[in-house]
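Heads up, the thing below is written out as structure tokens.
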Amino acid sequence: MGACLALGSLASCASCLCGSASCLLSSCCPSAFNSTVSRLAFSFLLLLGTLVSVIMILPGMEEHLKQIPGFCLGGTSIPGIDNKVNCDIIVGYKSVYRMCFAMACFFFLFFIVMIRVRSSKDPRAAIQNGFWFFKFLLLVGITVGAFFIPDGIFNTVWFYFGMVGSFFFIIIQLILLVDFAHSWSQSWLEKAEEGNSKFWFAALLTVTFVFYALAFTAVVLFYVFYTQPDDCTEHKVFISLNFIFCIIVSIVAILPKVQDAQPSSGLLQASFISLYTMYITWSAMSNNPNRKCNPSLLSLVQSIPSTPAPGPAAPTQAPGNTQWWDAQGIVGLIIFLFCTLYASIRSSNNATVNKLMQTEENQGLTNDFEAAGEDGVRRATDNEEEGVTYNYSFFHFSLFLASLYIMMTLTNWYMPDTNYEAMQTSMPAVWVKIGSSWFGLGIFLWTLVAPLVLTNRDFS
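Positions -16 to -1, 1 to 444 (mature numbering (1 follows the signal peptide of the UniProt record, and there is no 0)) are the ones given, in order, by the sequence shown.
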């Protein structure tokens, strides 16, 4: 509880820094556009909710709460005081479901409110760029209300909402990673043209080789540990198809016509996306309920073979025994944090990605320092008087999907059992992840060939 209060105080401080529509910046912060500061502030609220969810799902948290006299039902009691709080709801996967439900409702509300905002002159733009203290109170209010949702069908229904939303957020993640790889490649190519070309080309080649080596190593390890000679047909298909698809997009990335249309495209982007695709493949196979095809990572590290279940279905896991913190979940959380921050400060010059993400070119942190006002405080530059630099509604919809993705990641994509007291792995989660990897590879392929297909559009 103390941690939650501390987080609330931190959010209040952030509200003071960004209290008005023209968002205040401290002297130590880099100059930024008003639009960038607003995106960072909303991302901060998302990360705040994520941190609270992580705290709630930490192993042993329920036992610690039960040690508080007079707090939890069934816990330590004080004579004359009834334990009234159901700690089974405020910790574990049920608490993550409710916390992420609150964040999803919060961002979906802003998604509706901000539809068709065209410039900062729209009165709704003031709501987007200001009133942070009230936004924080709104999020807290929705969160408190979410914990009064009774158990039952809510957990199962929200699980399926989470799967669908996570599918689309994985696509958004891949678009952001494509954008990052494009910016990375172009930056190093520009530095190579400015001078010391051998060094920068060598660095570009080295990083590309490392990414491809890691992706190929992952393929080999997948065949060794996640397939069996007489079983695991799905895994063999997933690994083989994604390996072939990665080869295809790598070849397309270096075709002469593609290079002429997009000189910055190359193998760095393809290798980066190939490695991410291998991660998604691994994450999908980790959710296979057939334990014969899904050995635990701990058993692989310790060279101890996992005991297969007698049938294709894995045994149901009780909440106390569920391994929440597995490797693929931690990697997924790290990628999520990177993509969330990058989406807030990105300054892209890739036209295809900008069209997909509904943003304008080169809109992010700026090196042009705004002069301090009479009070000595530097303010963000309002760069949206003539038109918004990003689609407000689409941005909030992305955060809505991110809330669902966080819920699924923190609960390892486990499905609530029919008794709503346990969790188990499921094949729908496997197909959602694999499907998103295929769809994402298709989007990356589209960013390469779009200038060749749509010749009447300007992709310069």
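We put the CB at the ideal spot given by N, CA and C, even for glycine.
Quick caveat: nothing in here was measured; it's all calculated off a predicted structure.
If you run the structure through DSSP and keep just helix, strand and coil, what is residue i?
i, result
"Tyr196", "helix"
"Cys12", "Annotation note: pLDDT 46 at Cys12 (below 50); position unreliable, no value reported."
"Met269", "helix"
"Tyr144", "helix"
"Phe400", "With the sequence shown as reference, residue 400 is identified as Pro, and Phe is not the correct amino acid for it. The answer is strand: DSSP assigns Pro400 an E or B state."
"Ser287", "Because the pLDDT at Ser287 is just 45, under 50, the model does not fix this residue reliably, and the point stays unresolved."
"Gly295", "Because the pLDDT at Gly295 is just 42, under 50, the model does not fix this residue reliably, and the value given afterwards should be weighed accordingly. DSSP places Gly295 in coil when its eight states are reduced to three."
Please report how far the alpha carbon of residue i lies from the alpha carbon of residue j, in whole angstroms.
i, j, result
"Thr373", "Ser19", "7 Å"
"Thr409", "Asn272", "6 Å"
"Pro400", "Met87", "20 Å"
"Ser150", "Phe193", "30 Å"
"Phe95", "Asn113", "14 Å"
"Tyr144", "Val416", "11 Å"
"Leu423", "Gly313", "A small fix is needed here, since residue 423 is Phe in this sequence, not Leu. Distance between the alpha carbons of Phe423 and Gly313: 21 Å."
"Ser37", "Leu31", "10 Å"
"Val221", "Leu205", "15 Å"
"Thr159", "Phe428", "The question names Thr, but residue 159 in the sequence shown is Ile. Spanning the two alpha carbons is a distance of roughly 7 Å."
"Phe85", "Ser22", "22 Å"
"Ile137", "Leu173", "54 Å"
"Ile232", "Phe132", "50 Å"
"Ala110", "Leu122", "16 Å"
"Val437", "Cys89", "39 Å"
"Asp244", "Tyr210", "41 Å"
"Leu188", "Leu317", "27 Å"
"Arg82", "Ile126", "10 Å"
"Gly129", "Phe378", "26 Å"
"Val433", "Phe200", "25 Å"
"Ser181", "Trp142", "53 Å"
"Phe115", "Asp106", "15 Å"
"Leu425", "Asn226", "9 Å"
"His219", "Arg275", "12 Å"
"Tyr376", "Val97", "9 Å"
"Tyr207", "Met411", "19 Å"
"Asp215", "Ile223", "14 Å"
"Leu35", "Val315", "16 Å"
"Phe195", "Cys230", "12 Å"
"Thr140", "Val124", "24 Å"
"Phe178", "Lys241", "Note that residue 178 corresponds to Glu in the displayed sequence, not to Phe. Cα to Cα, the separation comes out at about 25 Å."
"Thr439", "Gly250", "20 Å"
"Phe117", "Leu29", "11 Å"
"Lys119", "His380", "13 Å"
"Ile99", "Ser171", "34 Å"
"Asp135", "Phe320", "28 Å"
"Ser167", "Thr217", "38 Å"
"Ile418", "Ala186", "34 Å"
Taking 8 Å as the cut-off, decide whether the C-beta atoms of residue i and residue j are in contact.
i, j, result
"Ile257", "Val162", "yes"
"Phe153", "Tyr389", "yes"
"Val148", "Leu394", "no"
"Ala165", "Met262", "no"
"Ala259", "Val191", "The sequence given here places Leu at residue 259; Ala does not occur at that position. Contact: no."
"Ile264", "Ser420", "yes"
"Ala413", "Trp430", "no"
"Lys371", "Arg108", "In the sequence on display, residue 371 carries Gly and not Lys. No. Outside cutoff."
"residue 445", "Ser248", "Residue 445 falls outside the range modelled here, since the chain spans only -16 to 444, and no answer is possible."
"Ser328", "Leu24", "yes"
"Trp184", "Ala176", "yes"
"Ile228", "Ser382", "no"
"Gln246", "Pro435", "yes"
"Ile39", "Tyr77", "no"
If residue i sits next to residue j, beta carbons under 8 Å apart, how far is it from one beta carbon to the other, in whole angstroms?
i, j, result
"Phe322", "Phe91", "Contact doesn't hold; Cβ gap of about 19 Å is too wide."
"Asn278", "Ser270", "6 Å"
"Thr324", "Ser27", "5 Å"
"Gly146", "Met392", "5 Å"
Verify the CB distance criterion: does residue i have a CB-CB separation below 8 Å to chain C?
i, result
"Cys89", "Of the protein chains in the structure, only one exists, and it is not chain C."
- prompt: Where in the stretch 151 to 217 do unbroken runs of the alpha helix (DSSP H), each at least 4 residues long, occur, reported from the N-terminal end onward?
  reply: 181 to 209
message: Which complete alpha helix (DSSP H) runs does the stretch 71 to 146 hold, if anything under 4 residues is left out?
response: 71 to 74, 76 to 97, 107 to 113, 116 to 130
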